[in-house]
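Chemist: Take a look at the following structure, please.
There are 2 protein chains.
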Amino acid sequence: MHAEIITIGEELLIGQIVNTNASWIAERLNEAGVAVKQVTVVADSESEILRALSEAFSRSDLVLTTGGLGPTRDDVTKLALCHFFKTGLVLNQEVLEDVSMLFSQRNLALTELNRQQALVPEAAKVLRNSNGTAPGLWLEKEGKICVAMPGVPYEMKAMVEGYILPELKKQRKDSFIVHRTILTQGIGESFLSEIIAEWENNLPPFIKLAYLPSPGMVRLRLSASGAREEDLMIALSEEEEKLRSLIPQYVWGFDRDTLEGVIGKLLVEKGLTVSTAESCTGGYLAHKITSVAGSSAYFMGSIVAYANELKSRFLWINKKLIEKHGAVSREVVEAMALNGCQTMSSDFCMATSGIAGPGGGTAEKPVGTVWIAVAFRDKVSSRLLHLGDQRDRNIARATLATLAMLREKILEI
Amino acid sequence: MHAEIITIGEELLIGQIVNTNASWIAERLNEAGVAVKQVTVVADSESEILRALSEAFSRSDLVLTTGGLGPTRDDVTKLALCHFFKTGLVLNQEVLEDVSMLFSQRNLALTELNRQQALVPEAAKVLRNSNGTAPGLWLEKEGKICVAMPGVPYEMKAMVEGYILPELKKQRKDSFIVHRTILTQGIGESFLSEIIAEWENNLPPFIKLAYLPSPGMVRLRLSASGAREEDLMIALSEEEEKLRSLIPQYVWGFDRDTLEGVIGKLLVEKGLTVSTAESCTGGYLAHKITSVAGSSAYFMGSIVAYANELKSRFLWINKKLIEKHGAVSREVVEAMALNGCQTMSSDFCMATSGIAGPGGGTAEKPVGTVWIAVAFRDKVSSRLLHLGDQRDRNIARATLATLAMLREKILEI
């Protein structure tokens with residue numbers, strides 16, 4: 000079964016809001032084994048909606064729309080639906096009661112405009128809306144289904160979860176899709192693809208591989224589709240195992256794991272703590288660690304020592320060491336990490352020192368030169384990164400590389 | 000001129016990522032006076048891309064695509080373009096040099112797969128990519144334009160801003176649209192609209208006002224359209240001046256200003272420094288400040304004192320004060336800010352202490368209870384925030400409120 004999503008609304012076409020409805024629906028449908036073939040965004044225009052509907056119906060079995068069901072004159076989705084399904088509007092008593100109830104609860108008088116919310120296409124099955132005035136509308140034609148929903152996210156979500164997904168599950172007997180995403184770090188897309196080429200070429204035809212690169216990491220998504228969910232799960236596990244064995248040192252997590260979340264679990268498991276001693280990452284490392292709920296169990300804190308005098312005061316960095324090697328050096332970053340363990344009473348300390356840019360570079364140490372280090376008590380490892388010239392990306396990539404290094408070091412214990 | 004956006008990628012159709020590229024491009028195009036007719040999301044499939052391209056070309060004059068230009072076999076946008084524009088792939092020497100350069104800068108060997116990034120449709124004009132390996136491709140057919148860009152946001156953005164928008168501006172001779180966005184903080188949309196109602200009603204017909212609310216702030220965008228750019232600029236300036244005079248205390252910036260950027264300029268102007276003493280914001284305040292290029296001129300550093308023992312060690316918070324009032328209290332947050340000025344040798348210090356959640360709340364201090372403070376040498380101000388139950392939103396909103404408070408305090412000097 001293929002589905003399409005049509006999101007209706009001017010605010011999406013002028014970029015005022017991001018289309019989170021479409022990604023949310025797509026995710027739910029995929030989890031339910033329904034592949035989404037296309038997402039289309041069109042304006043609140045009867046002809047545009049009609050065109051999008053008829054194109055989507057020509058390709059797919061299920062079309063979900065959001066938006067344009069409000070009471071004002073720029074909401075024309077119902078008219079387009081009547082046109083497309085060759086039906087007319089009739090007053091639905093249940094919806095009228097729902098809308099009246101909602102208004103009386105809020106001590107508001109029911110206006111004529113709001114009464115019109117109870118007018119629905121005669122051919123439609125009504126999905127009642129307990130969170131707002133616009134009902135959902137379920138229409139069928141030649142074995143294909145269209146469900147129109149309001150654009151307000153929580154009203155739409157209640158309809159998808161409460162009605163549409165259960166209904167689809169009943170109807171779908173023989174077609175499943177399951178996914179598994181393997182998260183890698185420390186190797187680029189092209190190198191990765193060379194290492195796993197042979198395995199990739201030998202994937203069974205019902206399993207597809209997608210590369211999803213993002214700054215500093217590559218996610219590998221395996222998708223299996225077929226008639227028996229259990230068989231798909233088994234086949235996916237087998238392929239995942241093979242893949243892992245080819246690149247064990249690069250795999251750090253699965254599906255929706257985050258590096259900071261994985262690190263948190265490992266630290267809790269081992270009863271260890273961490274702190275950060277940051278220069279060029281400017282607090283972003285600490286932010287990543289503390290974005291995990293419960294991180295206060297293993298995160299002591301951070302010294303963001305932007306000024307060299309704070310490196311001396313809180314991290315005991317000898318001024319002569321900075322004079323001799325510069326703040327961006329192996330010597331200084333290793334001392335920051337080692338001393339950070341002591342001044343912050345933590346088992347691990349991550350440290351960074353670099354030139355985030357765009358200014359501050361020299362011939363010897365150009366913008367993007369970043370030293371990172373991870374200390375475990377009295378042992379320390381460090382690495383030199385050569386990043387680019389964009390400040391925000393350099394901060395993000397240095398942070399990611401340092402987190403990845405911490406994860407490795409935790410695993411070595 | 001109508002435009003369409005085609006974003007290509009399986010990850011959008013399974014809801015793994017939200018389509019921020021489409022909304023960003025839509026916003027830029029609208030600012031440039033180009034209306035977006037449709038956004039389409041399709042998979043990395045040659046036939047799907049071809050279909051989407053030909054449908055978009057039948058409706059619109061400009062088609063921008065993102066995604067599917069990577070080196071791996073699931074990236075097929077270039078093949079679809081060759082098909083659609085009836086052209087073949089040729090090696091582009093400039094692109095090859097760019098890609099080689101990028102790899103040598105990173106001390107990586109150039110693989111055959113990456114060399115293939117230099118294969119481009121013969122009919123295409125190449126938009127060089129200084130941030131990644133995939134070039135942008137500008138193709139024309141029957142007076143209509145298609146530009147294919149990589150899906151990595153910052154690579155795409157550099158092409159839109161550096162090449163596409165200037166090129167579109169050149170092509171439009173007699174129709175201009177200019178914008179000015181006024182950034183306000185500390186007042187809700189409905190109150191704002193009451194204060195400025197009369198001014199709004201008297202705007203000349205060629206100037207439009209849009210309210211763009213986002214968490215913690217309201218942006219007011221003025222758009223003027225007409226045939227003479229200079230006249231529009233003058234009229235906009237006049238209206239902006241009138242608007243400012245109505246709400247001087249709420250306006251903190253313009254267009255793409257950020258609060259941290261505005262603060263940076265003020266601190267440089269006044270020759271003052273700042274530090275942060277963070278608990279619940281966990282380094283995010285320091286990150287915001289250091290995300291501004293040149294912040295090392297006025298940012299000393301941050302103590303992220305997650306563990307109470309670090310609050311005592313680095314911020315001289317008496318343990319008895321914490322025992323008496325709790326770490327989340329006016330007394331503690333004010334002491335953190337005041338002592339932070341001293342221990343970090345800064346003129347200002349921002350401090351936060353709160354319960355970000357989801358755990359850790361009590362009946363007296365539920366999740367979302369956050370104290371913030373700003374000290375200037377030996378004077379301090381503080382405020383209690385009642386936020387929600389989402390950790391990431393609480394951290395972001397507490398940070399924004401603290402930055403806004405710092406800005407006010409700097410202006411008082």
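Chains as they are written, first to last, in numbering that gives the first Met the number 0: chain A, 0 to 412; chain B, 0 to 412. Each residue gets a CB set at the ideal place from its N, CA and C atoms; glycine is no exception.
Which stretch, first to last residue, makes up the alpha helix (DSSP H) that contains A/I288?
Modeler: First-last of the alpha helix (DSSP H) with A/I288: Y283 to T289.
Chemist: Is the region 209–229 of chain B touching the region 155–170 of chain B, taking contact as three or more C-beta pairs under 8 Å?
Modeler: Contact between the region 209–229 of chain B and the region 155–170 of chain B is absent, because fewer than three Cβ pairs lie under 8 Å.
Chemist: Give the straight-line distance between the Cα atoms of B/T271 and B/K378, rounded to the nearest whole angstrom.
Modeler: According to the sequence provided, residue 271 of chain B is Leu. The question's Thr does not apply to it. Spanning the two alpha carbons is a distance of roughly 15 Å.
Chemist: Taking the alpha carbon of A/G131 as the reference point, which residue from A/E96, A/E141 and A/I144 has its own alpha carbon closest?
Modeler: Closest by alpha carbon: A/E96.
Chemist: Does any C-beta atom of chain B lie closer than 8 Å to the C-beta of A/G14?
Modeler: Yes, contact with chain B.
Chemist: So is B/K36 buried or exposed if we call it buried at 16+ other beta carbons inside 10 Å?
Modeler: Buried, because 16 or more other Cβ atoms sit within 10 Å of the Cβ of B/K36.
Chemist: Listed in chain order, which residues of the region 322–345 of chain B have Cβ atoms closer than 8 Å to some Cβ of chain A?
Modeler: So the close ones are T342, M343 and S344.
Chemist: Who are the Cβ neighbours of A/P152 in its own chain at under 8 Å, not counting the five residues just before and after it?
Modeler: Cβ within range, chain order: T19, N20 and W23.
Chemist: Using a C-beta to C-beta distance shorter than 9 Å, which residues of chain A count as neighbours of B/W315?
Modeler: Those within 9 Å of B/W315 in chain A number zero; the least Cβ separation is about 13 Å.
Chemist: What's the gap between the Cα of A/F84 and the Cα of A/V98?
Modeler: Approximately 25 Å between the Cα atoms of the pair.
Chemist: Checking 8 Å against the spacing of the C-beta atoms, do A/T6 and A/T86 come in under that value?
Modeler: Cβ distance not < 8 Å, so A/T6 and A/T86 don't count as in contact.
Chemist: Step through the CB atoms of chain E and report whether any lies within less than 8 Å of the CB of B/S301.
Modeler: Reference to chain E is not applicable here, since the protein chains of this structure are A and B.
Chemist: Going along chain A in order, which residues have a C-beta closer than 7 Å to the C-beta of B/E259?
Modeler: Chain A residues near B/E259: none, gap ~11 Å exceeds 7 Å.
Chemist: At the level of alpha carbons, what is the spacing between B/L410 and B/T351?
Modeler: Those two C-alpha atoms are separated by around 21 Å.
Chemist: Kindly indicate which three-state DSSP category B/S352 falls into: helix, strand or coil?
Modeler: It is a strand residue.
Chemist: Which residue marks the beginning of the beta strand (DSSP E) containing B/V17, and which one marks its end?
Modeler: Per DSSP, B/V17 belongs to no beta strand (DSSP E) and is neither H nor E.
Chemist: Go to A/V332, then tell me how far its alpha helix (DSSP H) extends in each direction, as first and last residue.
Modeler: Where A/V332 is concerned, the enclosing alpha helix (DSSP H) stretches over R329 to T342.
Chemist: Taking 6 Å as the limit between beta carbons, can you name the residues of its chain near B/A31, skipping five residues before and five after?
Modeler: Around B/A31: L164 and L167.
Chemist: Is B/E259 closer than 8 Å to B/I302 when the C-beta atoms are compared?
Modeler: No. Outside cutoff.
Chemist: For B/Y210 and chain A, any beta-carbon pair shorter than 8 Å?
Modeler: Chain A contact via Cβ: absent.
Chemist: Is the shortest distance between the beta-carbon of B/W370 and the beta-carbons of chain A less than 8 Å?
Modeler: Chain A, which has no Cβ nearer than 8 Å to the Cβ of B/W370, makes this no.
Chemist: Please look up how many angstroms separate the CB atoms of B/W198 and B/L235, rounded, as I've assumed it's under 8 Å.
Modeler: So it is not a contact: roughly 14 Å between Cβ atoms.
Chemist: From B/A336, B/P204 and B/E188, pick the residue whose C-alpha is nearest to that of B/D346; which is it?
Modeler: With distances taken between Cα atoms, B/D346 lies closest to B/A336.
Chemist: By the criterion of Cβ-Cβ separation under 9 Å, what are the contact partners of A/F298 in chain B?
Modeler: By Cβ distance, chain B contributes G281, V303, Y305 and A306.
Chemist: Using a cut-off of 7 Å between C-beta atoms, extract the partners of B/A25 located in chain A.
Modeler: By Cβ distance, chain A contributes L12, I13 and G14.
Chemist: CB-CB under 6 Å to B/A79, same chain, minus the five flanking residues each way: which ones, in chain order?
Modeler: Once the five neighbours on either side are set aside, the close Cβ partners of B/A79 are E45, I48 and L49.
Chemist: Using the beta-carbon count (16 or more within 10 Å), is B/G387 buried or exposed?
Modeler: Its Cβ having fewer than 16 others within 10 Å, B/G387 is exposed.
Chemist: Figure out for me which residue from B/H286, B/A372, B/A147 and B/I262 has the closest Cα to the Cα of A/Y305.
Modeler: If we check each option's Cα against that of A/Y305, B/H286 comes out closest.
Chemist: When you compare only the Cα positions, how much space is there between A/V283 and B/Y283?
Modeler: Note on identity: in this sequence residue 283 of chain A is Tyr, with Val being the wrong assignment. Going by the C-alpha atoms only, they are around 7 Å apart.
Chemist: Contact defined as beta carbons within less than 8 Å: I believe B/V119 pairs with B/N91. What is the distance between those atoms, to the nearest angstrom?
Modeler: Right, the Cβ-Cβ distance comes to about 5 Å (below 8 Å), so this counts as a contact.
Chemist: Taking only three categories from DSSP, how would you classify A/K364?
Modeler: The answer is coil: DSSP assigns A/K364 none of H, G, I, E or B.
Chemist: For A/D43, I'd like the list of residues in its chain whose CB is within less than 7 Å of its CB, leaving aside the five on either flank, ordered along the chain.
Modeler: I7, G8, E9, G67, D73, D74 and V75, listed in sequence order.
Chemist: By the criterion of Cβ-Cβ separation under 8 Å, what are the contact partners of A/E188 in chain B?
Modeler: Correct list: G69, P70 and T71.
Chemist: For B/V33, decide whether its Cβ has a neighbour in chain A, counting only Cβ atoms nearer than 8 Å.
Modeler: It does not: the Cβ of B/V33 has no partner Cβ on chain A nearer than 8 Å.
Chemist: Whole angstroms are fine: how far does the CA of B/S311 sit from the CA of B/V17?
Modeler: The alpha-carbon atoms of B/V17 and B/S311 are separated by roughly 43 Å.
Chemist: Are the CB atoms of B/A276 and B/L309 nearer to each other than 8 Å?
Modeler: Their beta carbons are not under 8 Å apart, which means B/A276 does not touch B/L309 by this criterion.
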